[in-house]
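Below you'll find the structure, written out as structure tokens, and then a few comments.
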Amino acid sequence: MSFEDFVRKIKEVDYAVGIKGQTYSRISCDDKWYCGVRESSHAMFKIDLQKLYDGYLKCTVINTSTLKKYVDRVQSPSYAILMAAGLI
0 MSFEDFVRKI KEVDYAVGIK GQTYSRISCD DKWYCGVRES SHAMFKIDLQ KLYDGYLKCT
60 VINTSTLKKY VDRVQSPSYA ILMAAGLI
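Numbering-wise, the sequence shown is residues 0 to 87 according to numbering that gives the first Met the number 0.
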């Protein structure tokens, strides 16, 4: 999958639910960043889409542990967004 196709799918996600039930909503998304909020704490998060894409391509198993190397400190919302986009 190309980076452009990856970003197109990610941009469709306005709301995601993590593996432990955490909810995340999107504030904005462009070709570089996915910015959102953790609904439980109202804390903002920012995901570098290029780094998430790199992890998506390089990890043979995708989970929060394997994503940590690529998107440290935002691996839970990253994983939830990948699930919501139908990429895993």
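Where is the CB? At the ideal position from N, CA and C, for every residue including glycine.
In the DSSP secondary-structure assignment, D47 is bridged to W32. The region 22 to 37 makes contact with the region 68 to 87; the number of CB pairs closer than 8 Å reaches 3 or more. As a beta-bridge residue in DSSP terms, V16 pairs with T22. Taking the CA atoms as reference points, N62 sits about 11 Å from V70. Its Cα nearest to that of Y33, the residue K50 stands out among K67, K50, K68, L56.
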